[in-house]
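Some notes on the structure that comes next.
Chains as they are written, first to last, in my numbering: chain W, 1 to 440; chain H, 441 to 880.
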């Protein structure tokens with residue numbers, strides 16, 4: 001029995017309906033847990049693909065194709081006959097009538113799992129929204145990659161030395177995992193293939209700055225890995241500046257809070273994330289960071305039929321709020337689905353307990369840091385661990401082969417195969433530093 | 441010595457300058473022939489990648505990634521120190537002053553090779569320009585793929601049976617190689633993965649029509665291969681209609697000259713090509729099809745410093761004009777470059793002779809037709825030949841691995857891995873049949 005999606009008139013199923021909003025790790029694992037259970041499941045997402053966000057920075061560094069880290073959602077459900085998919089944008093939730101309003105119709109639910117994740121937060125810093133590049137979606141990663149290549153093309157024919165240096169200055173804001181990993185990957189993109197692509201550019205003009213407001217990089221990692229990370233990046237030529245905050249971003253400059261102005265056409269903003277807006281817009285109570293404070297069963301405070309999981313859920317455990325990482329999303333997705341099945345069986349939902357598998361960060365070719373429990377690893381062995389774990393978590397065997405081939409290219413041959421600028425990939429209204437000189 | 445690109449003031453090289461406009465097969469092979477010769481070469485293209493056009497239809501059928509058939513132009517020139525690249529749009533040629541005006545500056549030349557190829561011709565059929573999809577550029581192929589997937593998404597939630605059938609009716613106009621190969625690839629995309637993706641769609645509603653005005657498909661092929669091609673396509677469910685011409689295209693219909701109206705949101709126009717406009721716009725005499733009628737040396741009639749090669753050249757040989765195929769482009773590119781070197785050595789340019797290596801067409805998985813001289817092959821053996829020759833002609837070893845992996849996926853597992861709809865891939869002002877229902 002399929003779920004009708006054009007309204008509430010022609011519901012013919014007698015099975016309870018579970019609607020899951022979001023096809024990230026949380027949503028997919030919730031759906032998987034409900035496959036073959038006596039429920040009808042509908043997964044709603046505004047993209048027809050799942051994105052493996054952990055490798056997004058490699059797309060933005062021309063290391064992987066966008067297609068390599070995307071997987072068609074419908075393929076995931078081929079072997080789950082009770083799971084259907086709707087490509088649509090969920091606009092709001094009507095908890096009283098138990099419906100979700102989407103641009104594909106009004107969807108009724110018996111149970112709802114909200115798994116819309118997190119979005120970039122600019123913290124209101126002036127000019128960031130308009131002038132900075134982001135790294136939270138596949139489109140943003142492709143746009144950033146195109147922009148980087150365009151900066152080099154424009155620099156290769158720029159006669160003014162100041163303008164040329166600004167085109168070749170790349171400022172990355174935020175020393176968390178994304179900022180660190182992108183700084184490293186960008187440094188390797190430039191020192192490898194781009195040096196060979198642009199014999200006319202003096203690479204002493206190229207600068208990569210990584211700015212972090214806190215006194216250290218990758219805050220949640222153990223001390224020795226924090227130091228290792230900063231040292232590795234500096235060895236790769238990245239100008240790592242701690243206790244450095246950005247006050248304003250313009251198309252030609254990043255202004256720091258200490259008064260310094262950095263002339264640049266490229267500010268990559270990875271400094272903050274917040275909960276996606278659907279829950280808040282639907283009247284569900286959220287914290288200051290836009291995340292929904294859930295009960296230990298992952299239900300929201302005043303509605304036993306609504307669960308929130310993954311990045312969007314603010315899950316208090318002992319003294320900490322769980323981090324926005326894939327493992328929390330997966331485990332909370334499974335727990336929410338199991339709790340719905342318990343409710344249907346007349347049992348009470350169980351509290352969620354997070355099994356922390358550790359954290360890892362890749363700084364570049366052959367350099368990574370891994371923390372598992374109290375143990376830490378760094379260097380080549382950690383990097384191999386990083387490779388294996390990321391490949392294993394990628395959905396789809398073909399994607400694994402493609403990623404492996406691209407990595408082999410990159411790591412063995414110091415070549416980046418995918419540094420094309422597809423004009424149609426450029427979001428309309430894209431930012432400064434266009435390839436076409438007259439549009440600058 | 442690099443070629444200055446901001447004007448004609450700071451030319452410091454004493455070597456003759458050869459400018460090549462276009463980085464297709466013709467332009468690249470001309471550049472390759474001039475590598476290490478005592479000339480400075482500048483290749484101008486509006487994309488920073490070379491496109492392997494022979495496999496474009498597979499990108500539009502979600503069989504290959506766009507990246508698989510693109511190759512970064514600058515990589516081609518890594519080992520050619522006298523060849524430089526300019527990412528720019530060539531606007532016009534000033535033969536008197538020996539310059540090319542581009543949006544990256546005015547480029548002086550001593551010798552010029554125009555290799556800008558061919559573009560789609562609508563023959564002025566009303567509505568084609570506005571409403572049909574094309575298959576001549578990578579952007580167009582990606583836009584068409586996105587559109588096909590969007591049609592299925594929209595059909596899966598369309599309650600009106602007539603609108604649903606129109607969404608699932610695909611009209612391909614033109615029975616040349618592109619039209620035939622795309623019809624076959626589309627039929628396999630639909631009968632393989634899409635049937636599994638959309639269990640809610642009745643696939644009896646899906647129709648693929650291939651319309652050809654002439655009495656047979658693939659005109660230049662031998663008779664037995666023409667018949668084989670039509671028979672194979674019909675076996676795959678394609679409604680092949682010969683002697684059928686299109687009179688008008690609207691967003692909801694294809695109107696035939698025989699008065700029939702086909703309700704469809706998808707018309708793919710592969711019926712005609714013409715010479716790209718740069719030569720004509722610069723006052724160089726062209727034929728009715730926009731191609732430049734060249735001397736047997738590939739020079740234009742009234743200027744010994746300007747060569748035209750590839751699709752843009754109308755090369756009369758014995759009783760025929762050479763076809764617009766990669767082999768003509770490659771061979772004429774080499775000949776033009778050699779002739780420039782002869783001119784520089786004080787010798788007279790030699791006439792071009794085309795060595796015809798035959799032609800081939802792939803109708804689908806395990807079915808192809810190959811004509812070499814008077815010999816013809818068809819079926820599985822021809823298909824293997826087709827695979828090998830296309831892989832060999834692809835530039836870049838990585839691209840070959842990627843294509844091979846995707847083909848293995850497709851041909852062995854009947855899966856298409858790359859059927860994503862990336863919104864940012866959508867050219868602005870894209871045509872009917874959007875994914876988002878309210879935009880329909």
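Positions of the beta carbon are idealized from the N, C-alpha and C atoms, including for glycine.
Residue 175/W (DSSP reduced to helix, strand or coil): DSSP places residue 175/W in the coil class of the three-state scheme, outside both helix and strand.
Inter-residue spacing [alpha-carbon to alpha-carbon] between residue 17/W and residue 142/W: Note on geometry: alpha-carbon atoms of residue 17/W and residue 142/W lie some 36 Å from one another.
Give the straight-line distance between the Cα atoms of residue 758/H and residue 638/H, rounded to the nearest whole angstrom. Approximately 53 Å between the Cα atoms of the pair.
Determine the burial state of residue 726/H: buried for a count of at least 16 other Cβ atoms within 10 Å of its Cβ, exposed for fewer. With 16 or more other Cβ atoms within 10 Å, it is buried.
So, is the C-beta of residue 544/H closer than 8 Å to a C-beta in chain W? Output row for residue 544/H: interface = yes.
Tell whether a beta-carbon distance below 8 Å holds between residue 185/W and residue 364/W. The Cβ atoms of residue 185/W and residue 364/W sit closer than 8 Å to each other.
Indicate whether the contact test is met: 3 or more Cβ pairs, each with one atom in the region 520-532 of chain H and one in the region 734-745 of chain H, closer than 8 Å. Not touching, per the Cβ criterion.
Determine, using beta carbons only, whether residue 409/W comes closer than 8 Å to chain H. For residue 409/W, the answer is yes, since a Cβ of chain H falls inside 8 Å of its Cβ.
Only counting the same chain, and skipping five residues up and downstream in sequence, which positions put a Cβ closer than 8 Å to that of residue 520/H? Contacts found: 471, 472, 475, 476, 481.
Confirm, please, whether the CB-CB distance from residue 174/W to residue 269/W is below 8 Å. A contact, by the Cβ cut-off of 8 Å.
8 Å Cβ shell around residue 494/H - same chain, five flanking residues per side excluded: Within the same chain, residue 494/H has close Cβ partners 766, 830, 833.
Who pairs with residue 484/H in a beta bridge, going by DSSP? Beta-bridge pairing links residue 484/H to 461/H, 526/H.
Report yes or no: do the region 704-721 of chain H and the region 575-591 of chain H share at least 3 C-beta pairs separated by less than 8 Å? Judged by Cβ distances under 8 Å, the region 704-721 of chain H makes contact with the region 575-591 of chain H, as three or more pairs qualify.
Please tell me whether residue 752/H and residue 731/H are closer than 8 Å, where the distance is taken between their beta carbons. At the C-beta level, residue 752/H and residue 731/H come within 8 Å of one another.
Identify each residue in the region 634-646 of chain H for which the Cβ-Cβ distance to at least one residue of chain W is less than 7 Å, and report them in chain order. For the region 634-646 of chain H, residues whose beta-carbon sits nearer than 7 Å to a beta-carbon of chain W comprise 636, 637, 640.
Taking only the alpha-carbon atoms, compute the straight-line gap between residue 820/H and residue 806/H and give it to the nearest angstrom. Rounded to whole angstroms, the separation of the alpha carbons of residue 806/H and residue 820/H is 5 Å.
Quick one: what does DSSP say residue 842/H is sitting in, helix, strand or coil? Helix.
If you measure beta-carbon to beta-carbon, which residues of the region 39-64 of chain W are closer than 8 Å to chain H? Cβ contacts with chain H come from 47, 48, 49.
Run of the beta strand (DSSP E) containing residue 204/W, from where it starts to where it stops: Residue 204/W -> no beta strand (DSSP E), and no H or E assigned at all.
Go ahead and pull the three-state DSSP assignment for residue 303/W. In the displayed model, residue 303/W falls within a strand according to three-state DSSP.
Consult DSSP for residue 455/H and reduce its assignment to one of helix, strand or coil. Looking at residue 455/H - three-state DSSP - the assignment turns out to be coil, as it is neither helix nor strand.
Per DSSP, residue 714/H forms a beta bridge with which residues? DSSP output for residue 714/H lists 559/H as bridge partner(s).
If you measure from the beta carbon of residue 80/W to each beta carbon in chain H, is any gap under 8 Å? No - not a single Cβ of chain H is within 8 Å of the one on residue 80/W.
Per-residue contacts from residue 514/H into chain W (C-beta, under 7 Å): Correct list: 197.
Using C-beta distances below 7 Å, list every residue in its chain close to residue 166/W, excluding the 5 sequence neighbours before and after it, in chain order. Counting only Cβ-Cβ distances below 7 Å, and skipping sequence neighbours, we find 252, 263, 264, 265.
Cβ closer than 8 Å: which chain H residues qualify as neighbours of residue 153/W? Near residue 153/W (Cβ distances below 8 Å), the residues of chain H are 488, 527.
Against residue 842/H, what residues of chain W qualify as contacts under a CB-to-CB distance less than 7 Å, listed in chain order? 402, 405, listed in chain order.
Assuming contact is defined by CB atoms lying nearer than 8 Å, are residue 780/H and residue 551/H in contact in what I supplied? Contact: yes.
Under 8 Å by beta carbon: chain W residues contacting residue 589/H: Ordered by position in chain W, the residues that pass the 8 Å Cβ test against residue 589/H are 48.
Return the chain-ordered list of same chain residues with a C-beta closer than 6 Å to the C-beta of residue 386/W, the five sequence neighbours on each side being excluded. Residues 360, 362, 368 of the same chain have their beta carbon placed closer than 6 Å to that of residue 386/W, with the five preceding and five following residues left out of the count.
Suppose the cutoff is 6 Å on Cβ atoms and the five residues either side in sequence are ignored; what does the same chain contact list for residue 541/H look like? Cβ within range, chain order: 531, 532.
Where residue 722/H sits in the DSSP three-state scheme: Residue state for residue 722/H is assigned as coil, using DSSP reduced to three classes.
How would you label residue 599/H, buried or exposed, when you count the other beta carbons within 10 angstroms and need 16 or more for buried? Exposed.
Given that a residue counts as buried once 16 or more other Cβ atoms are within 10 Å of its Cβ, and exposed if not, what is residue 460/H? Around the beta carbon of residue 460/H, 16 or more other beta carbons sit within 10 angstroms, so the residue counts as buried.
Mind checking if residue 372/W is an interface residue toward chain C, Cβ cutoff 8 Å exclusive? Judged by its chain identifiers, the structure shown contains no chain C, and its protein chains are W and H.
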